[in-house]
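**Student:** Submitted below is the structure of interest, expressed as structure tokens.
Number of protein chains: 2
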Amino acid sequence: MTRLSVLAHALLGMLSTGEMTGYELTRAFDVSLANVWTASHSQIYPELAKLEAAGFIRHTESGPRGSKRYEATAAGRDELRRWLAEPPQPQAVRSEALLRVFFLWMVPPEESAGYLRRQAALHREKLAAYEALAQAIGDCADGPTRWSRISLESGIRYERAMAEWAEWSVARVAPPTASSG
Amino acid sequence: MTRLSVLAHALLGMLSTGEMTGYELTRAFDVSLANVWTASHSQIYPELAKLEAAGFIRHTESGPRGSKRYEATAAGRDELRRWLAEPPQPQAVRSEALLRVFFLWMVPPEESAGYLRRQAALHREKLAAYEALAQAIGDCADGPTRWSRISLESGIRYERAMAEWAEWSVARVAPPTASSG
DNA sequence: ACTGACATGTAACTTGTTACATGATTCG
DNA sequence: CGAATCATGTAACAAGTTACATGTCAGT
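Line by line, the protein sequences give chains U and Z.
First residue of the first sequence? That's 1 in my numbering, and the numbers climb one at a time after it.
First residue of the second sequence? That's 1001 in my numbering, and the numbers climb one at a time after it.
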């Protein structure tokens, strides 16, 4: 194994938090990790096999329906810490939504304003969901939960900034007329 | 051709703005589009060939060094407009930087604070660059430029929100002591 | 018996990265 | 004539998506 993928480190991180099955990991990517990284089961199972072969995780018991519980080994946790200490390199941006904005001059103003309004609505929706979640988990200051709260805060600020941007853009494209104000 | 990729639409969009060679498109992804979408020449040249075969672009003259200038056909511009009108679907999130934050409980507080400070610095740097660029292009209200200014604004607000988030996180992890304040 | 959630895997395909490979033109 | 930039391509690989495929267990 030349070098571990980001997904591999995500799995390693989850399995350092506690024992989990592939199925539970799959659900985690749909729920707690959804704000941060996504992966499907078809990617997860082969990656778990690779990580086990490389000695970074091991599977302990076998559960009821042929399920396997995995946990990180000492080598796995070391690799995770090494990865966490790597210098951050600026990441390539790829936003389909923003790319569309770049080419909105192609369509009439009503249509581009509509696009931006839909974007604003989507961001407002996500913002509300994140804020409700933050309210629900409260001001936790302990272990892993603390850090998931900090990640969530990033999502909150991101969605708020993007909602405000979309609303600002609408105003710039279709300024409120005297009659409408 | 089953369905066009996002990259294909990016190329179609650029070639609706004006004639360009593959080389010029490659540079555009490094400069004006860098905030929005990235692609390397090894992806661009084959994609141009596919778009031409599908009749969405055509190449006009051949330049000095075997260069080919492409432009969008009417069918290409129609396809671009169709794509712009597609209902936006929420996109999968994948942020390696944020994933690391999720697992920062693994390392000592000094190290996690250091990580967040580096993140803050990177975002502040990008923010400054974007703001300088915004200052340089000014308050343009015409055609494509107007929309690139709007895209840039998204980058500015994003970097600012993320810088502020990182700084907030540092304070949460390593609160200023009475002696340091 | 049937439905739904649990549970794991593989195959085919698309997208994106890194490295390889070549040649033309311009400037100093 | 040498280096930088212009200019276009291919090949091998890594990462991610969608669809296919199978079987278990709990509840009704």
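C-beta atoms are modelled at their ideal positions from N, C-alpha and C, and glycine is treated no differently.
Just so we're clear, the structure is a prediction, and the values are computed from it rather than from any experiment.
(1) List, in order along the chain, the chain Z residues whose C-beta lies closer than 7 Å to that of PRO88 of chain U?
(2) Thinking C-alpha only, which one of U:ALA28, U:VAL107 and U:LEU116 is nearest TRP168 of chain U?
(3) Just the chain U side, please: which residues come within less than 9 Å of GLN1043 of chain Z by C-beta, in chain order?
(4) Counting C-beta neighbours from all protein chains within 10 Å, is the total for GLY1181 of chain Z 16 or more, i.e. buried, or is it exposed?
(5) Does VAL1173 of chain Z pass the burial test, meaning 16 or more other C-beta atoms within 10 Å, or should it be called exposed?
(6) Going by DSSP, name the residue or residues bridged to MET20 of chain U.
(7) Quick check on GLU1207 of chain Z: does DSSP put it in helix, strand or coil?
(8) When you compare the CB of PRO1144 of chain Z with every CB in chain U, is at least one pair closer than 7 Å?
(9) Rounded to the nearest angstrom, how far is the Cβ of VAL1036 of chain Z from that of LEU98 of chain U, given a contact under 8 Å?
(10) Against chain U, with Cβ distances strictly below 7 Å, would ASP1078 of chain Z count as a contact?
(11) I want to verify the contact list: residues of chain Z whose CB lies under 8 Å from the CB of GLN135 of chain U, in sequence order.
(12) Using a Cβ-Cβ cutoff of less than 7 Å, which residues in the same chain neighbour THR38 of chain U once the five nearest sequence positions on both sides are dropped?
(13) Counting C-beta neighbours from all protein chains within 10 Å, is the total for GLU1047 of chain Z 16 or more, i.e. buried, or is it exposed?
(14) Of all the CB atoms in chain Z, is at least one closer than 7 Å to the CB of LEU25 of chain U?
(15) Where does ILE1156 of chain Z land, buried or exposed, given buried means 16+ other C-beta within 10 angstroms?
(16) Tell me the DSSP secondary structure of GLY181 of chain U in three-state form.
(17) From ILE1044 of chain Z to GLY1022 of chain Z, what does the alpha carbon distance come to, in whole angstroms?
(18) Please list, in chain order, all residues of the same chain as ARG1058 of chain Z whose beta carbon is under 6 Å from its beta carbon, the five residues on each side excluded.
(19) Please state if the CB of HIS1041 of chain Z and the CB of ALA1026 of chain Z are separated by a distance shorter than 7 Å.
(20) Does DSSP classify ARG1003 of chain Z as helix, strand or coil?
(21) Would DSSP call ILE1038 of chain Z helix, strand or coil?
(22) Below 9 Å on C-beta distance, what does ARG1100 of chain Z contact in chain U?
(23) Can you pull out the residues from the segment 1144 to 1169 of chain Z whose beta carbon lies closer than 9 Å to at least one beta carbon of chain U?
**Tutor:** Per the coordinate set shown:
(1) ALA1097, ARG1118, GLN1119 and LEU1122
(2) U:LEU116
(3) Simply none; closest approach about 12 Å.
(4) Any reading at GLY1181 of chain Z must be qualified, since the residue scores a pLDDT of 43, below 50, and its modelled position is unreliable; the value itself is stated next. Its Cβ having fewer than 16 others within 10 Å, GLY1181 of chain Z is exposed.
(5) buried
(6) U:TYR70
(7) Residue 1207 of chain Z lies beyond the residue range present for chain Z, which begins at 1001 and ends at 1181; the question has no answer from this structure.
(8) yes
(9) 5 Å
(10) no
(11) The premise fails here: GLN135 of chain U is roughly 17 Å from chain Z at the closest Cβ pair, so nothing lies under 8 Å.
(12) PHE29
(13) buried
(14) no
(15) buried
(16) Note that GLY181 of chain U has pLDDT 42, beneath the 50 cutoff, so the model's placement of it is unreliable and no number is given.
(17) 7 Å
(18) THR1073
(19) First, the residue type needs correcting, since residue 1026 of chain Z is Thr and not Ala in the sequence shown. In this structure, HIS1041 of chain Z lies closer than 7 Å to THR1026 of chain Z by Cβ.
(20) coil
(21) Here residue 1038 of chain Z turns out to be Thr, not Ile, going by the sequence shown. Note: THR1038 of chain Z maps to coil in three-state DSSP.
(22) HIS9, GLY13, TRP83, LEU84, GLU86 and PRO88
(23) PRO1144, THR1145, ARG1146, TRP1147, SER1148, ARG1149, ILE1150, SER1151, GLU1153, SER1154, GLY1155, ILE1156, ARG1157, TYR1158, ARG1160, ALA1161, MET1162, GLU1164, TRP1165, ALA1166, TRP1168 and SER1169
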